[in-house]
Each structure stands twice: as C-alpha cells, then as structure tokens.
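Below: one structure, written as structure tokens.
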Amino acid sequence: MDWRRARHELGFILRRLAGRRRAERELDEEIRAHLELEIQENVERGMSPEEARSAALRAFGSVALAKEESRMAWGLGSVETLWQDLKFGARVLRRSPGFTAAAVLSLALGVGANSTVFTFLNAVVLRPLPYPDPERLVVIRERPLASGDTVSVHPFNFLEWRDRARSFEALALTQSIPVNTMTPDGAEQIHGLWLTSELFRVFGVAPAAGREFAAEETVAGGPSVVILGHGFWQRRFAADPGVVGQTVVLNDKAQTVVGVMPSNFRVASLEPDVYLPMPLDRANPQSIGSRSFVCYGRLKPGVGVAAAQAEMSVIAGQLASQYPLDKGYGAAVFGLHQYLVKESRPILLLLLGVVGAVLLIACANQAGLLLTRGVGRRSELAVRAALGASRPRLVRQLVAESLLLSTIGGAAGLLLGHWGTQLLLALSKEAMTFGRVDEVRLDFHVLGFTLALSALSGLLFGLVPAWYVSRLDLQTVLKEQGRGAAGDRRHNRFRSALVIVEVALAVVLLVGAGLLLRNFSRLLQVDLGFRPEQVLTMQLFLPYPAEAKRAGIVEEILRRVEALPNVRAAGTIHFLPIGGMASKTGFRFEGRPEPEPSQSLTTEGSVVSQGYFAAMGIPLLQGRLFGPQDRAGSPRVVIINQSFLKKFFPQGDALGRRIVVQWSNEAATEVVGVVGDVRHNGLTAEPQPTVFLLNAQTPRYVTFLVIRAATDPTTLAAAVRHEVRQVDRTQAITAVKTMEQYVGESVARPRLHAILLGAFAGLAMLLAAVGLYGVVAYTVTQRTHEIGIRVALGARRGDILRMVVGQGLALALTGVALGLAGAFAGSRLLATFLYGVSTTDPLTFVSAPSLLAVVALAACYFPARRATRVDPMAALRYE
Amino acid sequence: MPKKPDGAEKTDLLQGTLDMLILRTLLFGPLHGHSIAHSIQQTSREVIRVDHGSLYPALQRLERRAWVTAVWGTSENNRRAKYYRLTPAGKRQLTAESSKWDRLTGAIAQIMRTREEEG
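Top to bottom, those sequences are chains C and B. Per the working numbering, the very first residue in the first sequence carries number 1; after that it's consecutive. Per the working numbering, the very first residue in the second sequence carries number 1; after that it's consecutive.
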C-alpha cells in the first residue's frame, strides 16, 4: 500500500518534471479559465467589465503565489532551488571572469597533474596483470648470497627446482633469443623466445590456433616446431588461418608451425615473434647456457609467495651443499606483478606525492581566493540575509558556486590530464618501460579518481569560506560597510597560514627538483672511459655452429667496413658498454691450484676484435693492443683493464703473466696489455675488473659492430649494411644506433625525473607566488585608509613599500623556514634516485629557497608599489 | 462586494482543512476549480471564503496523493477546463478525515461548553 503510494507519487513528480513545460502551460490555462468564468459570472451579475475583472482577481488572490505553491506541490522545490543556486552561481562567476579563470586554471592544473600520474599508476601498478589468477604468478631468480642482488637462473637449477618444489602448479624456463629469418626485402632479425612446455600452464593461456608444445618437444633433439606470435602471424602471414602445418625458415632451418598465440598475449613484458621449444638436455643442462634464463612459476592455490620462498630457500640450501655450482647461491621468489613494477613504482609513488602537494597548494590558493571574495561580498550577503535568505540557504549558495568551479576545473583537469598522459608517454619512451603503451589509458578508475578529486577539492576550498561567512555577524557587517574589523583579522590570520603552507610545500618540491637536477648534471660529467662521439654500432647474429665460420664472417665484414670512406676504425664487442648487458667469467692464475668453488675468482669479460679499442676510443695504458699476429691458431692473449690490474696485480706487474679464463677455452692466456676503465654497466656503476678476449680466438654468436666515423656516423649505416650483406646474405642487422644514443638513453631516466619534478616544482612555486600576491594585494586594499593616513602624516614612499613588502616577506620566509625543515626530513626519500649528490646537498638547500625568496619578493613588490600610489586625500574621502 | 470581510477565516483555515473540504465537495461528482471554490463558499453560507488561488496548489497536492484524478473537459461557457474526480482512495481518505474532524470538533465543542458553564 505504502509502496504503491510512493510509486504513484514518484511517477507524478517525474511526469511533472519531464513534462515541465506542459504542466506549466496546463496550470496557466486552468487558472485563466477560472478567471474568465468568474469574470463572466460577475458581468452577468451586473458589474462593469473592469469591475468584474478586478473582483475576480481579488477573489483569486495572488496568481504568482498560486503557481509557486503548485510547483512546490509537484515536488520540484529542492531541484528548483539547486537549479537557481547554480544559475545564480554561474552568473556570479561570469561577472568576474578573471577570478573564475584563475580559479579554474589552477584547479585544472592541480587535478590534471594528479590525473596524469594516476593514469600511469593505475596502468602500471594497480591494474592486475591480464592472466587468469594473476596473483599466483611468480618469478624465481638466483641470489648470490654475497650480494644483495639477484641473477638469472641456471638451467641445471631449474631442473632441480622443478623436481623438488611442491609450492608450484608449474615452473617454466624461458630465454629471449635473436632469430634470423629471410623476407622478400632481405634478412630480418626477429625476437624469439625459447621456452619449456610448462609456460602455457604457468600463464594459463593456450594458442588461439593449433596446439601447445608437448613436454617431450622441449628437450634436446626435439622436433623442429614453432608457435607464432599473433603480431608476427598477422605481419608475415597476413593472418592466414591455414598457417598451422606450414613451414617457416628460421636461422636457416625449416620449422613446422604448430600453433598461433592469441592476440595481446605477452610473456611478462615480452611480446615474442616466435616461440621455440627449448632444447633442454637433462643429462647436460649447461649445454644451452649458464645463469642466463628466466624462470616463471604458478603457485598452487592457497600457497603464498612467502611460503614458496621458504620452500625454495630450503631447496637452494640443499643444492648449495650438494653441488659446487650452487655454492653461495640462494633462490628468490617474487610475485610477477611486484617484480615487473619494481622499477617504475618508486618514481610513480614519488610523483603522486609531488602532484598531491601541487593540488594542495592549488586548493589552498582557491580557499584564499574564495575567502577574500566571500569577505568582499559580505555586504551583498548581509543584504540578502536581511531580505529573508536563511543562513543555510546562503551557505548552500556559496557551496554551489565552488562546486560549479570545481566541476569546470575538474573537467578541464581531465582534459589536461589526457594531454599530460600523452606528453609523459612521449617523454618517458626511452626512460621507462610502462608495459604496453595502450595500457596507459583513461579508464573508469581514472575518471572516478579525477572526479572524486575535484569534488573533494571543491568541498575543501568551498566549505571553508562558506563556514567563515556563515559565522559573520551580518548586522555588524551592514553597519560597518566593509571597514576593517575583528573579523578581518581572523580572516587574515587564516589566509596567512594558508600562504605559509603553500610556500613551505613549494620549497620542499623545489629542493627535490634541485637535487634531481644536480644529479642529472653530475651524470653528464661522468667520465665514460671511451669517446662516444661519431661512433655507429649495430648488432650481428651469426647462427653458425662452426667457430671458424663465425670468426671468418666477422673478419671479412670488418675488412670491408674499414675500407669504406670516412671510416676511421672498426671493431666488434659482444656486449656494448652501457648497452645494458654484461658477461661474467671465472678465471684463475696459471700455476696456482684450482681454488675451492667458493673461492673462485670472477671477472667481467668482453670478447672484442682487434680494432675495438681504437674504434671505441679506449686508451692503452701498458703493453700492446691485439695485433694481426693474434689469430685463431696463435698463442692465446688477453687484455685487462685498469681495475683488473689494481685488484689482481697490485704491484702493477701484469704484463707477461698468464691467467686461465673459463671463456677462453679454459686455456692459459697471456696478459699483453692494460687499457683504461670503461663504465660498462651504466654511468652510476663503478667500473669492474674486466678481461678482453679476442673474437678471433673465442668467436661469439652475437656481436656488435663498432665503427668510428670521420663525419656524422649515421650517414655510414647504409654502406655498412651493404657490405654486411655482401659477406652474408642471410645476415640480419638490428639495433643500428650511435654510442651517443646509448649515452642519452642511460641518462634518460634521471633526466625525466629532473624534468618532471622541475616542472611540478615550478608550478608549485607559481601557485604559491599567486597566493602570496593575493594576500598582499588584499591587505593593501584593506588598509588603503590607514596608508592614506600614514602618507598624510608624512610617511615616504619607501616607508610604505618597506612596510608592505616586509609583511609579505615575513610570511614567505616563515614558509621557507618550514619548507627547509620539511625538505631536510623528506629528501631522504630521494636517496634511491640520486648518484653522487648528497640528499642534503648544500648548494641545492641554499639555491632553492633563495629562488623562492626572490619570486616571493616580486610577488610582494607589485601590490606594494600600488600601495605607495595611494592618494591620501582620496583614501580619506573614501570614508 | 466587501473588501476582505472574513479575512480571519481565510488565513486561519486549519492546515489540511481545505483539502478535506475539496474532497467533500467532489463527493457528488467531478467539478472544475471554479465550481469547487463557489461550492465551498455557498455551502458554508459565505462564512468560509478561500482565495480561489489557494485551491490550485491544494488540488495538485490531492492529485499527487492519488485522492483525485484530473481530466480535461468542457465548461459551462464552452471552454476547456480541468475536471477533478474523487478516487476510491480519496473517498476513504474523506471518511477518515471526517471522522477525525467530528472527534476534534466534538472535543472542542465540549471544552467550549464546559468553559461557558464554568464562566
């Protein structure tokens, strides 16, 4: 019964609301009909038409009131007033476009910055990985107990783990490998992934067409089969649905296609072109490599990462006591998601904090602006209150205004956030891997976050002034007519506090930005140990089992390239410095007994050609470089770097000594030279002891050409490519880049950090300056009368200027002091991002607040100058 | 016509009383606003005189509560007019209101009489 009635009433209201115009029209018509009938009757009773009309109107009472009350009965009352509030608010905002633009813009900037950072955080950190039960996916790595870091997995250990561990539903081993394939346009190098058959179970995915690899296929001597990646299938097979069963030639070998992976499938962050069975040999696992594999696992339901870690630690302990290979190694289990975001997460969280501070400053500014305006409108509000507007109604009006502001600001912020996202994506292309770019997009989470944020800030900076105004004694206001009074002082204190907080936050951000900027400039000054200018590099992949063939091809290519015009020197190295890859090898001194495995010596190792040092610009310090006499059959030779010399030959007597390097076929090799140190592992990593082996004596499968040009190195690329093709038609060339590009990439991330924090700190400083300006300007307006009196009493321009600027600066300096304290406490958070710069870097801690003080001075000066122009006569007459 | 002769009645009409009077008037068949106003006036022998205008919000209230329904019809002077008809729910409401009213007036009458006797 009640329900039916409620439904009827709701229907009535909705019909009236929807047919609003019609309802109004019908009411008009009804009333008109009533009046006409009444007039007609009055005339029939003998009145004159005028008399009849006025009598009818008298009997009816107020037509407007009847209509108004009817509308109330329609239940439109609250909707109506809200609408009126909004309409009135819009009119008020339109009337002061400068204020409105400032308010909307600063809110939009604050919200936009937050929206951008949240878009990234959402895509990278918050959104779950696109696999079934993604929280059960883990990465397992080996952990050398001596260092805190983890390393890739040895295939032998993978086999042991797979046999022993009970925590996992499945464990899979993978390795990325380059694959050469022929296209009509020549050779192309594509991205292949070696995998064991469990990979499909681990990621919970099956090929979209065809079948998975069977367990007996991913072993040594397995069949020549391949599964295609979706993108590669579309690109190279034009998405041919009948591709399964066809053959494709990879690395000069025909392979049968047995499946195609679904679109958008990735193995963690990789999107391989082809999936190949890993030739894992149970009896001889190291035949495919050593600690260079990636192990993924799927936890059994109900087993957590910690439990799996506990089990793996036990297993690793057993292995370490059983096998020399595992002496000193543990195992580390990471949640896959956590592992993938560990690089971008800290900076994103830091940025979220930074943009949060920017938004806070923007909000404080808004609160200040609205408060000032609210006080300026006291008379208007008092008049409206006197005319019968209730206090809640006034507050509601003010809140509706700020809600309107925050909605517009939020919408603009969403737009800015969208642009900001595009900008940040472009900026961070080299510096960070955020997973797939199309995953960084606006979704409902971002939309909700942005709207909630702007609504919250609307309330935050709308309620404060409304609360303040609601406490005004309106009668006093009317009497005073806006002269300075006790209420103003309270209001000023509040605004001053807001400005101090703004300045303090801005100082904290400026110090942070300064530290990152100093960090970046330090990195640019780091001595690389080689000369990256005018050096072109490209990657070769030589999939030939015969060593002589690999060595021969490289030598022939180098001979031809060196003969090209504009080439000063050419060489090869198997992993480029600061290219992100390094190799380690064990070694011992000849004549000394083989040490215990735990005592075994390791060094970084690079395999280079004769001309490498000249091409890369690495100086020779002692002895000689590799020469034409060093060849495949000649005595083995090795060159060491300065760090190796210092660490292992502290007397400096390395030349002529012989060491046994595992990589160099376990043969004794003679040290013939010492070269300068190179920062191989990045600008921030100290050079490591390194041995250089000769490619002719230990040829590699993958190597990089390094060519020093006499001119712009990029102009050489086509000619070099041509020569390579002349030597080996099936050779695919990839990663054609200059060394300067590698250097640029290695500082891309610190540069991005400096740019981002610099931009946000600049924004914060600007907003804080605007806030300070607002307070000082308002004080000047308020004290016009007082200043007039001072001038009349003989105060000079300089006195007035000093007085006003001094008061503004006092606020700013209080903020600076607070901000410095905050920065001292907070800069430790930046420690992980800094290299060679202390978190309490004195230069930064002096210059950042100084900059802000100068800006604050400017913000105070302009309103102060206006104060000096006060005409005492006008100011006093104004009363 | 005298100017506001019974202004007191107009403003002092008890809250809800007008609604009851309208329902009562409609008991004998559908009427439009103008006839309702005159009917109330005449039946009360001109004692109660309502602002005709105040009928309309009341009628909207009654329609909203589904105690009356409205249809457009043709009036005596051949104009379109809205006719209000009592619904069964409206009839029940009228019965409830009248008995409440009877009890109230009875009680008030009782009090007034007692006072008079005492006085």
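Every residue, glycine too, gets a C-beta built ideally from N, C-alpha and C.
Under 8 Å Cβ to Cβ from residue i, same chain only, skipping five residues before and after it: list those, please.
| i | result |
| --- | --- |
| THR730 (chain C) | ASN180, MET182, ALA187, ASP252 |
| LEU876 (chain C) | HIS785, GLY788, ILE789, ALA792 |
| PRO687 (chain C) | GLY529, ASN641, GLN642, SER643, ASP677, VAL678, ARG679, HIS680 |
| THR69 (chain B) | GLU63, TYR84, ARG85, THR87 |
Measure the beta-carbon distance from residue i to residue j and round it to whole angstroms, keeping in mind my assumption that it falls under 8 Å.
| i | j | result |
| --- | --- | --- |
| ILE553 (chain C) | LEU542 (chain C) | 6 Å |
| LEU394 (chain C) | ALA103 (chain C) | Wrong, their Cβ atoms sit about 20 Å apart, outside the cutoff. |
| LEU763 (chain C) | LEU109 (chain C) | 6 Å |
| ASP163 (chain C) | VAL219 (chain C) | Rounded, the Cβ-Cβ distance is 15 Å, inconsistent with contact. |
| ALA66 (chain C) | GLY53 (chain B) | 3 Å |
| LEU319 (chain C) | GLU160 (chain C) | 6 Å |
| GLU723 (chain C) | LEU510 (chain C) | The Cβ separation is near 53 Å, so there is no contact. |
| ALA357 (chain C) | LEU505 (chain C) | 5 Å |
| ALA955 (chain C) | VAL138 (chain C) | Examination of residue 955 (chain C) is not possible in this model, given that chain C is present from 1 through 879 alone. |
| SER224 (chain C) | LEU340 (chain C) | Not a contact, Cβ separation roughly 32 Å. |
| VAL706 (chain C) | ALA582 (chain C) | Rounded, the Cβ-Cβ distance is 16 Å, inconsistent with contact. |
| VAL503 (chain C) | LEU336 (chain C) | So it is not a contact: roughly 44 Å between Cβ atoms. |
Run the CB neighbour count on residue i, radius 10 Å, all protein chains shown included, and call it buried at 16 or more, exposed below.
| i | result |
| --- | --- |
| ARG21 (chain C) | exposed |
| LEU625 (chain C) | buried |
| ASP85 (chain C) | buried |
| ALA155 (chain C) | Here residue 155 (chain C) turns out to be Pro, not Ala, going by the sequence shown. So PRO155 (chain C) counts as buried. |
| ARG419 (chain C) | One point to set straight first is that residue 419 (chain C) is Trp, not Arg, in the sequence displayed. Exposed, because fewer than 16 other Cβ atoms sit within 10 Å of the Cβ of TRP419 (chain C). |
| PRO207 (chain C) | buried |
| PRO2 (chain B) | Note that PRO2 (chain B) scores 38 on pLDDT, short of 50, meaning its location in the model is unreliable and no value can be drawn from it. |
| PRO750 (chain C) | buried |
| SER827 (chain C) | buried |
| GLY580 (chain C) | exposed |
| PRO849 (chain C) | buried |
| THR372 (chain C) | buried |
| ARG113 (chain B) | exposed |
| TRP663 (chain C) | buried |
| TRP72 (chain B) | exposed |
| SER287 (chain C) | exposed |
| ALA864 (chain C) | buried |
Taking C-beta pairs closer than 9 Å, name the residues in chain C that residue i reaches, listed in chain order.
| i | result |
| --- | --- |
| ALA96 (chain B) | Ordered by position in chain C, no residue passes the 9 Å Cβ test against ALA96 (chain B), which lies about 14 Å from the chain. |
| PRO30 (chain B) | Per Cβ cutoff of 9 Å: no residues; PRO30 (chain B) is ~14 Å from chain C at best. |
In chain order, what residues of the same chain lie with their CB nearer than 6 Å to the CB of residue i, ignoring the 5 residues before and after it?
| i | result |
| --- | --- |
| PHE232 (chain C) | ASP273 |
| ASP133 (chain C) | none |
| ARG53 (chain C) | ILE39 |
| GLY33 (chain B) | LEU55 |
| LEU35 (chain C) | ALA56 |
In chain C, which residues lie with their C-beta within 7 Å of the C-beta of residue i?
| i | result |
| --- | --- |
| GLN60 (chain B) | SER70, ALA73, TRP74 |
| SER54 (chain B) | GLY61, ALA66 |
| ASP51 (chain B) | PHE60, GLY61 |
| GLY33 (chain B) | GLU30, HIS34 |
Counting only Cβ pairs nearer than 8 Å, list the residues of chain B close to residue i.
| i | result |
| --- | --- |
| ARG5 (chain C) | ARG65, ALA66 |
| GLU36 (chain C) | ASN77, ARG79 |
| GLN40 (chain C) | ASN77 |
| LEU766 (chain C) | Residues of chain B passing the Cβ test: none, with the nearest at roughly 55 Å. |
Under 9 Å Cβ-Cβ, which residues of chain B neighbour residue i?
| i | result |
| --- | --- |
| HIS8 (chain C) | ARG64, ARG65, ALA66 |
| PHE99 (chain C) | The contacting residues do not exist; PHE99 (chain C) stays about 41 Å from chain B at best. |
Give the interface partners of residue i over in chain B, defined as CB-CB distance under 7 Å, in chain order.
| i | result |
| --- | --- |
| ALA33 (chain C) | SER75, ARG79, ARG80, ALA81 |
| LEU349 (chain C) | Residues of chain B passing the Cβ test: none, with the nearest at roughly 55 Å. |
For residue i, which residues in chain C fall below 8 Å Cβ to Cβ?
| i | result |
| --- | --- |
| PRO88 (chain B) | Under the 8 Å cutoff, chain C gives no residues; its nearest Cβ is about 13 Å from PRO88 (chain B). |
In its own chain, which residues sit with a C-beta less than 7 Å from the C-beta of residue i, not counting the 5 before and 5 after it?
| i | result |
| --- | --- |
| VAL870 (chain C) | THR784, ILE787, GLY788, VAL791 |
| VAL446 (chain C) | SER115, PHE118, THR119, ASN122 |
**Study point:** Length-filtered (3 minimum) beta strand (DSSP E) runs lying within the region 221-292 of chain C
**Key:** 225-228, 247-250, 253-260, 274-277
Review point. Residue ranges of each alpha helix (DSSP H) run of no fewer than 4 residues wholly in the region 83-138 of chain C, ordered along the chain?
Key: 97-121
Check your understanding: Can you list, in chain order, the stretches of the beta strand (DSSP E) that have 3 or more residues and sit fully within the region 288-321 of chain C?
Key -> 294-299
Point to revise | Segments of 4+ residues assigned as alpha helix (DSSP H) that fall wholly inside the region 136-216 of chain C | key: 155-164, 199-203
**Study point:** Complete runs of the alpha helix (DSSP H) confined to the region 483-559 of chain C [at least 4 residues]
**Key:** 486-525
Check your understanding: In the region 745-816 of chain C, which residue ranges form an unbroken alpha helix (DSSP H) of at least 4 residues, counting only runs that do not cross its ends?
Key -> 748-782, 784-792
Check your understanding: For the region 608-662 of chain C, which segments carrying the alpha helix (DSSP H) assignment without a break, of at least 4 residues, lie completely within its bounds, in sequence order?
Key -> 612-616, 642-648
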